[in-house]
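Some notes on the structure that comes next.
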Amino acid sequence: MSTASRSSKESTLGTAMQRFALSSCIEPLAVVTSTAWFAILSGMSPSMNFSEGVDDLTAALGGGLPRPICAGIHWILCVAAPLGSLCLLLSVIPTLGNRTVMTAGASLMAMVVVYNVAVNSIVSGCDTLQLLQSALFVLIMRVLPRVAMVSDGESGCIRWLITTRPWSFTAVLLPLAVTAATLDWWGIEIKSVGRATEVVLSMVLLQAAANQMNSLADWRSGVDKADSATSDMTVLSGLLPVKALVISSAVSLATFAVVFADCAGDVDEAYFAIDKWIVIMGVVLSIIYTVFPIPLKYIGLGDVVVFMCFGPAATHSRAYWEGRPAERTMG
Numbered sequence: 018m019s020t021a022s023r024s025s026k027e028s029t030l031g032t033a034m035q036r037f038a039l040s041s042c043i044e045p046l047a048v049v050t051s052t053a054w055f056a057i058l059s060g061m062s063p064s065m066n067f068s069e070g071v072d073d074l075t076a077a078l079g080g081g082l083p084r085p086i087c088a089g090i091h092w093i094l095c096v097a098a099p100l101g102s103l104c105l106l107l108s109v110i111p112t113l114g115n116r117t118v119m120t121a122g123a124s125l126m127a128m129v130v131v132y133n134v135a136v137n138s139i140v141s142g143c144d145t146l147q148l149l150q151s152a153l154f155v156l157i158m159r160v161l162p163r164v165a166m167v168s169d170g171e172s173g174c175i176r177w178l179i180t181t182r183p184w185s186f187t188a189v190l191l192p193l194a195v196t197a198a199t200l201d202w203w204g205i206e207i208k209s210v211g212r213a214t215e216v217v218l219s220m221v222l223l224q225a226a227a228n229q230m231n232s233l234a235d236w237r238s239g240v241d242k243a244d245s246a247t248s249d250m251t252v253l254s255g256l257l258p259v260k261a262l263v264i265s266s267a268v269s270l271a272t273f274a275v276v277f278a279d280c281a282g283d284v285d286e287a288y289f290a291i292d293k294w295i296v297i298m299g300v301v302l303s304i305i306y307t308v309f310p311i312p313l314k315y316i317g318l319g320d321v322v323v324f325m326c327f328g329p330a331a332t333h334s335r336a337y338w339e340g341r342p343a344e345r346t347m348g
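Residues 18 to 348 in the working numbering are what the sequence shown spells out, letter by letter.
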């Protein structure tokens, strides 16, 4: 190989490495900057008044939809905002994120910005600067996942998410959405978007922990087998090591406990005396659904547990945690 050819290849390799290093620095910065910009454009701050957001959406639709339905739609967008931000931030972390995670986060954030600017434009009039900023943000969110130098391989976040069985989250999300709509219909003001989102995500974490414990218990008891078409493949497929599943379920339960402790400070003492037992019952049932000492699922009581946890327990807890103390009437 000639000296000139070798020098040319070394130069090309050096340039590629410089570009990679530059990208490794720029992409996290771009993601953080985009997330901060999103927080400004979306208007979805934790302290934002939930009822005011519902009022704006109801006014924007001209009464075309009942207010309780508008409350449910607004709540979904409130949850999409932090979820999209989290996905975008995780997407640039090696082994955790990938292009799919970035695309999901960017899509959710763009959706929230479009929702916010559309409602504001109808209710408060067209703001040219806000429209231009929002259009530019949406364009960037469409382009970023395509040009970013992120992994196209497997994502640790996606593998973890699959082990939590996210398709089952509707079992808790739908009752909680109905609860939010009912509270608003009754004129019970929800404290804030931040509190509402905190409560919802904590209950999703509790369900995720229960699902992972269920997978582990079914695997250990021999219910799930590789040659069975109906088996849960969470453990059998090796998505996560058994130890990682145990740690994940424990961390999810601990996070739920922290959120409950934080929310408990805003609950009236009389209501807390009731709610603490509802929460304890929900946690205990989520554990003994398939875990010792009495795995209720294996003795035909699984449906009863599901009804209790996703029905009265979830809806009453959300009403106690989110409503203004002077206005809560559920009990």
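Note that the Cβ used here is the ideal one computed from N, Cα and C, for glycine as well.
Please classify residue i as buried or exposed, where buried requires at least 16 other C-beta atoms within 10 Å of its C-beta.
i, result
"residue 39", "A caution first: residue 39 carries a pLDDT of 43, below 50, which makes its placement in the model too unreliable to give a value."
"residue 219", "buried"
"residue 154", "buried"
"residue 112", "exposed"
"residue 46", "exposed"
"residue 304", "buried"
"residue 42", "exposed"
"residue 149", "exposed"
"residue 162", "buried"
"residue 254", "exposed"
Helix, strand or coil for residue i per DSSP?
i, result
"residue 84", "helix"
"residue 38", "Residue placement at residue 38 is poorly supported in this model, since its pLDDT is 44, which falls under 50; the coordinates are not used for a value here."
"residue 333", "helix"
"residue 307", "coil"
"residue 163", "helix"
"residue 110", "coil"
"residue 69", "helix"
"residue 199", "helix"
"residue 258", "coil"
"residue 154", "helix"
"residue 144", "coil"
"residue 137", "helix"
"residue 176", "helix"
"residue 116", "helix"
Looking only at C-alpha atoms, which of the options sits nearest to residue i?
i, options, result
"residue 178", "215, 194, 224, 201", "224"
"residue 51", "101, 73, 74, 81", "101"
"residue 263", "229, 128, 254, 271", "229"
"residue 307", "328, 319, 196", "319"
"residue 330", "196, 214, 122, 201", "196"
"residue 96", "139, 118, 162, 213", "213"
"residue 350", "163, 98, 271, 49", "No answer is possible for residue 350: it lies beyond the span of the chain, which begins at 18 and ends at 348."
"residue 221", "235, 205, 191, 202", "191"
"residue 274", "216, 233, 325", "216"
"residue 183", "49, 65, 251", "251"
"residue 297", "43, 334, 127, 150", "334"
"residue 59", "134, 106, 44", "134"
"residue 258", "232, 300, 127", "232"
Cutting at 6 Å between CB atoms, please list the residues of its own chain near residue i, excluding the five before and the five after it.
i, result
"residue 168", "115"
"residue 328", "none"
"residue 138", "none"
"residue 198", "85, 88, 89"
"residue 121", "104"
For residue i, which residues in the same chain have their Cβ closer than 8 Å to its Cβ, ignoring the five residues on either side in sequence?
i, result
"residue 74", "87, 90, 91, 136"
"residue 117", "172, 175"
"residue 77", "135, 136, 139, 140"
Comparing the C-beta of residue i with each C-beta of chain B, is any distance below 7 Å?
i, result
"residue 105", "The structure shown contains no chain B; it is built from a single protein chain."
Given residue i, which residues of its chain have a CB within under 7 Å of its CB, disregarding the five upstream and five downstream residues?
i, result
"residue 256", "176, 179, 180"
* Validate contact between the region 185 to 193 and the region 140 to 150 using beta carbons, cut 8 Å, 3 pairs -> no
* Asked: Are three or more beta carbon pairs between the region 148 to 164 and the region 51 to 60 nearer than 8 Å?
  -> yes
* To do: Kindly confirm or deny that the region 306 to 322 and the region 271 to 279 touch, where touching means at least three C-beta pairs closer than 8 Å.
  => no
* Asked: Do the region 70 to 80 and the region 88 to 98 touch if we need at least three Cβ pairs shorter than 8 Å?
  -> These segments touch.
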